[in-house]
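Numbering of the sequence shown is given in full-length UniProt numbering, commencing with residue 1 and proceeding in unit increments.
Cβ coordinates follow ideal geometry from the N, Cα and C atoms, glycine included.
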Amino acid sequence: MVDLEGELPVGHRHVLENLLGSAPAPGVEDISEDTLKYTAFPRLGTVSPWSTKATDIIHRCGLGQVRRVERGIVWQVEVTSVCGGQEIAAFLHDPMTESVIVNDSDLEQIFQQTDAAPLEWMEVLNGGHESLAKASREFGFAFSDDELNYVIDGYRGLGRNPTDVELMMFAQVNSEHCRHKIFNASWEIDGDRQNGSLFQMIQATQEGKENGTLSAYRDNAAVIAASDGSWFLPAVNTREYQTLVEPAHLIAKVETHNHPTGISPLPGAATGSGGEIRDEGATGRGGWAKAGITGFSVSDLRLPGAMQPWEASFCHPPRLATPLQIMLEGPIGAASFNNEFGRPNIGGYFRTLEVCDHDSDIHRRRGYHKPIMLAGGLGNIRASHIHKKEIPSGTKLLVLGGPAMLIGLGGGAASSVDSGESSELLDFASVQRGNPEMQRRCQEVINCCVSLGDSNPILSIHDVGAGGLCNALPELLQGAGRGGEIQLREIPNDDPGMSPMQIWCNEAQERYVLAVSSDRLEEFKGICERERCPCQIVGAATTERMLVVRDGHIAGQGVHSIDVRNSRPVELDMEFLFGKTPQMHRQCRRRRRTQRAFDRAGITIEEAVERVLRLPGVADKSFLITIGDRSVGGRVVRDPMVGPWQVPVADVGVTSAGFTGCYGEAISIGERSPVALVDPAASCRMAVAEAVTNMAAAGVDELSTVKLSANWMAAAGEPGEDADLYDGVRAVALDICDSLGLSIPVGKDSLSMATRWQEDSGSCEVIAPLSLVVTAFAPVSNIHATLTPVLRTDVESVLVFIDLAAEQCRLGGSALAQVYGQVGSEVPDVESTAVIRDFFVATRELMHRGHVLSYHDRSDGGLFVTLAEMAFAGRCGVEVDLGDGDPLAVLFNEELGAVIQIEKRKVNSVFEVLKEHHLESHCKVIGKVEPSHSDISFTVGGHPLYRRCERDLHRLWSETTWRIQTIRDHPACAQEEYSRLLDPSDPGLHSDLPRLLESKPIGPAILSGQGPRIAILREQGVNGHVEMAAAFDLAGFSAIDVTMTDLLEGRENLLEFSGLAACGGFSFGDVLGAGLGWAKSILYQPKLRDLFTSFFARENTFALGVCNGCQMLAALKELIPGTDAWPGFVSNRSEQFESRLTMVEIIDSKSILFSGMEESRLPIVVAHGEGRAHFEYPSDQHQLCESNRVSLRYIDNYDQVTEQYPANPNGSASGVTGFCSEDGRVTIMMPHPERMVRTINCSWHPSDWGEFTPWLGIFQNARSFCD
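The following block contains the structure:
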């Protein structure tokens, strides 16, 4: 649908058809009388992110008459039985984000604009408590009785009634989500007054410690000191990338987005990830998000055709998404936002839990019908930007990013109440939608300011999240001790029908609020214009501590007419808005637990193994991992996939601090929520300890440098749950953290984890157990020391078990108990913090000496799963003797511990170190790696207990991923990947370099003088430019940051460059086809078309297009000589974004970049959703092959050209994935060599590769061409 202003000239119509495609969609036929037609569009009254970006492209191509374009899905339904039209419509759309139109005559509603809704005044002076309480229920303010009285008293003091704007703002600013009232409450448990609040206990972990925390509890995220590092940034004036040797301090933040994900999983999870990224960007005076994590807790999945014996009968509220819906859509939402923004996801967790209460009432359960959606990450910040600056009176306040839209209204308050407590309409209103491409533009503005160092024009910055501007701008001013005057109608707004309350309080995403130095405003605006990022001055800071929002628009009277009473929708003292509402006081009692002892009757090892390996929390999580880019940015050292067969079992995520050196950062997770069903305090201690044992796999020097984020989930107010929360916080803050010397500088709480609804059979409720997710962050001094669970088979070795639980084997809260529908009464706990400290120190020394070949901690599924996952990663057998203990308990208890693989000849040396650190009684050799067979075998006292082929167990472990991929993705692809596990001879990833390629060091000739200039080209939405610049910089180029606005406005001229590199990402969000919007904005703008035509015509230039840049250059082939047969690129065969490390073969071709690399076969990373080569004519591919213009193709692990998934991740015919022009000067490819230049950044690499990989040869060949 296109909204036009006037008639389009014929030529413009042709351009529009070319941009949008004029052919009917496949399968759309004339509608018969027996067919019903439904058209699903983005929710009426909203503007979709797709529309924003598509309209932007159209305007760039000169079509100013197009006001807006929007897309929808036309459904044709043949009705074969009696079925209501509304029932069909409900099935075909997501009511949270879409509307259904039945009659074509109603399509004009898509673009209809309504008159501005009026300001409303709420009766308080006369109506009092009852009137305000009613408004609180209707609008979802979620006011407590104390808050009702506080508001009433405040307005009676002012002598006036409040506006709806003021009440909604007060509700968001003072919501549990924003003010953490329970964590700041006073406590009385079992009649005894408790000392201190929950937050005071958490803060106490920081006291008295020289612990390297540079900022805590004062900003959007915590900042942790880095020991060393470097920044790779464009210079201020020249835009040439340069390395600055200075610490890249670590930003740490973890959020949850539970309520929106439960209501509408894809946008809920997407905006959860987006909001956390903004928190990092808005830290101090601007930060840089580097790598993320994602986690989910849901109730039982109940996979179709694979209902598990421990899963209870279906019982679920209609307004919440089911667990399966959440896990089909939520991970896609989180991954897609990360992918498009350009942040790699390098860690996470996944848990399912749903058990009937001990009285077996099927209507009362413990589980996660209201899910946990965890979004966290680490970033970097410069030392001079850690703390926000003072905001002088008169300083302009700006909104950076997207416009206001009527989405996400009241989310702060809505997320603070139990599911089912608010109305379905309020749930609907609270869901936001994400536009990661806009957020990328905002981040590029922040990055540019960061590169200015001490001259950064940003004084203070705050992200716009819960509550929208009505929370963000007041918090920005409150932090500076200022008031402010805001002009409501200066706020960018895409919905003129919104009321003042909706404009001020909506939660439209991808926005920041900033205070910018008055003398730097024009410079800042110039930065925004260069990045095509909207920014608008909306007000100014004032000395007087009043917040005044002025509105010059009165509905029905014209934009500038003034009514004194209505012209100030907000006029409040900041002390009232942020004042001390009465401190909450929590009175509760501890609950006596009556969990039954774990009944092991009839349980066999064989059955237990099969059940445990199928439990989603234990099973293969590839379906969560391969959809997320894990290499963007070029600084990932350790992602979840390990080894030549890329098995997702890594304990820790690691990034490098820069593109040189051995410093970096590590992130790990700990979570043991099922234990809380029996002992909440033990569950919380175990979560902290698990984060530590996972972190032990990284090259972290000292335990004291590890910092924690604590994310608390609880059903506050439910019987016993408040006391559980208090005991859990105390156990963490005053017990284990104090003993281990750990601190918690950042965290979050979500304390409405109960769900209630009504069914015909009665009232139902599902209450989550106390759930603590601990995320550990630490600076890394040696990224090369990172350990993985991959078992080595090239040396004679043994397996050493390090038991940190004093030989306890408690099975309560374990996977074993869960898969038999039980909980148990005795659960794991931390037996000794001294042993954990000794363990961490001992493993540092063993790593330093090079004694540890592989490492894996004991966690979900117990020792059996620990060893099985190590065997899966190494594709080998293990032989283990369990001694004389209880086999079931020894194999499946989930106490603390770890397994290390060491060389047999170093056993004595290793045990000397362990003895030196008081661990000799905790360690023993339990078995060996056996390369001669692939069985996983266990004996008890030398007698056989269990033996099964590693391959069969791996298939059981991967079954859950296969089933989910079969539903979510292309089923044939899912089956091909699952069947791959049947091949016992699969050699895995490898490297075959027949020409003995070496990663040559940079020669003196290259290092001397100014290198040739390479344009690192990017359009809005491109996110892979920094690693591309780093690769060319390493090869001796002068890499220049060049935006399309630079070319349009004449700041840069392509004719002054020796080469250009078109980088990866999502230009314009790929809304009109991957890379096509970028290409067509060149083709239909004469200045750019002429510039690129001239560049490609010069015989002394070269070009490289990677991923999105490949797609873009392919669409420019009419400008590039000798590329007429190049393909376009369409959606992957799997119908999913694919992030893989896969094998390719470099073919003998005319490409100057692959000169001397022919016939090489080696791994490379891919990360794309539309990478399948599609040729316009069948003969084109043959023509390219015959003329040596195919440079790269996918091969399998046997070095055979393949179309099989996932070795060929996109399904391109004959595996083709790289092409060149007739003269070889222009090369395009979908894989990412620029992300694999340093060997340390490879998820797996051969042991004989040096500091650099053979992929550096591409960039060195480019330099040789220029010489």
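Residue span of the alpha helix (DSSP H) that contains residue i, given as start and end
| i | result |
| --- | --- |
| TYR155 | 145–158 |
| TRP1255 | Here TRP1255 belongs to no alpha helix (DSSP H), and DSSP marks it neither H nor E. |
| LYS37 | Run containing LYS37: none in the alpha helix (DSSP H); it sits in the beta strand (DSSP E), 35–42. |
| ALA1115 | 1108–1115 |
| LEU846 | 833–848 |
| HIS177 | 176–179 |
Sheet register partners of residue i (DSSP bridge)
| i | result |
| --- | --- |
| HIS943 | VAL940 |
| PHE1032 | Answer is none; PHE1032 lacks a bridge partner. |
| ASN493 | ALA404 |
| SER934 | For SER934, which the question treats as bridged, DSSP gives no partner whatsoever. |
| GLN758 | SER763 |
| THR163 | TRP121 |
| GLN242 | LEU233 |
| PHE1102 | GLY1059 |
| TRP288 | ASN380 |
| TRP75 | TYR38 |
| THR1142 | ILE1164 |
Neighbourhood of residue i by C-beta distance below 6 Å, restricted to the same chain and skipping five residues each side
| i | result |
| --- | --- |
| GLN109 | LEU44 |
| ILE744 | ILE202, THR205, LEU708 and ALA710 |
| VAL925 | VAL798 and VAL800 |
| LEU1054 | LEU1091 and PHE1095 |
| ILE527 | VAL445 and CYS448 |
| ALA1079 | MET1112, ALA1115 and LEU1116 |
| residue 1291 | There is no way to answer for residue 1291, as the model of the chain reaches only from 1 to 1267. |
| ALA1062 | LEU1017, GLY1105, GLY1109, MET1112 and LEU1113 |
| ALA135 | MET122 |
Start-to-end residues for the beta strand (DSSP E) that takes in residue i
| i | result |
| --- | --- |
| GLN709 | A quick correction: the sequence has Ser, not Gln, at residue 709. Taken as a continuous stretch (DSSP letters only), the beta strand (DSSP E) holding SER709 covers 707–713. |
| ALA689 | Not the beta strand (DSSP E): ALA689 falls in the alpha helix (DSSP H), residues 680–695. |
| PRO745 | 743–750 |
| SER99 | 98–101 |
| ASP139 | Residue identity differs from the one stated: residue 139 is Phe in this sequence, not Asp. Unbroken run through PHE139 is the alpha helix (DSSP H), 128–139; no beta strand (DSSP E). |
| THR1043 | 1038–1043 |
| VAL355 | 354–356 |
| GLU1158 | Premise fails: GLU1158 is in no beta strand (DSSP E) and is neither H nor E. |
Cutoff 7 Å; reference residue i; Cβ partners in own chain excluding five residues on either side
| i | result |
| --- | --- |
| GLY379 | ILE251, GLU280, GLY287, TRP288, ALA289 and LYS290 |
| PRO113 | The question names Pro, but residue 113 in the sequence shown is Gln. PRO496 and GLY497, listed in sequence order. |
| ALA270 | GLY333, ALA334, SER336, PHE337 and GLY434 |
| TYR978 | SER958 and TRP962 |
| ARG730 | MET201 |
| HIS922 | ILE802, ASP803, LEU804 and VAL835 |
| ARG955 | LEU981 |
Supposed contact pair residue j and residue i - C-beta distance, whole angstroms, cut 8 Å
| i | j | result |
| --- | --- | --- |
| GLY664 | VAL652 | That belief does not hold up - the Cβ atoms of GLY664 and VAL652 are roughly 11 Å apart, past 8 Å. |
| GLU903 | VAL795 | 5 Å |
| CYS1107 | HIS1174 | The Cβ separation is near 16 Å, so there is no contact. |
| VAL688 | VAL706 | Incorrect: roughly 10 Å between the Cβ atoms, too far for contact. |
Own chain, CB closer than 8 Å to residue i, minus 5 neighbours either side, in chain order
| i | result |
| --- | --- |
| PRO318 | TRP757 |
| LYS370 | ASN258, HIS259, GLY262, LEU320, ASP418, SER419, SER752, MET753, ALA754, THR755, VAL766 and ALA768 |
Report yes or no: do the segment 758–775 and the segment 364–374 share at least 3 C-beta pairs separated by less than 8 Å? yes
For the segment 236–253 and the segment 1029–1044, state whether three or more C-beta atom pairs, one from each stretch, are separated by less than 8 Å. yes
Does the count of Cβ pairs from the segment 157–171 and the segment 586–603 closer than 8 Å reach three? no
Touch check for the segment 383–398 and the segment 457–466: three-plus C-beta pairs under 8 Å? yes
Quick test of the definition: if touching needs 3 or more C-beta pairs under 8 Å, does the segment 676–690 touch the segment 731–742? Contact holds: three or more Cβ-Cβ distances are below 8 Å.
Could you check whether the segment 861–868 touches the segment 601–616, counting it as contact only if at least three pairs of C-beta atoms, one from each stretch, sit closer than 8 Å? The segment 861–868, when compared against the segment 601–616, does touch it at the 8 Å Cβ threshold.
For the 8 Å Cβ check, are there 3 or more pairs between the segment 781–793 and the segment 567–581? no
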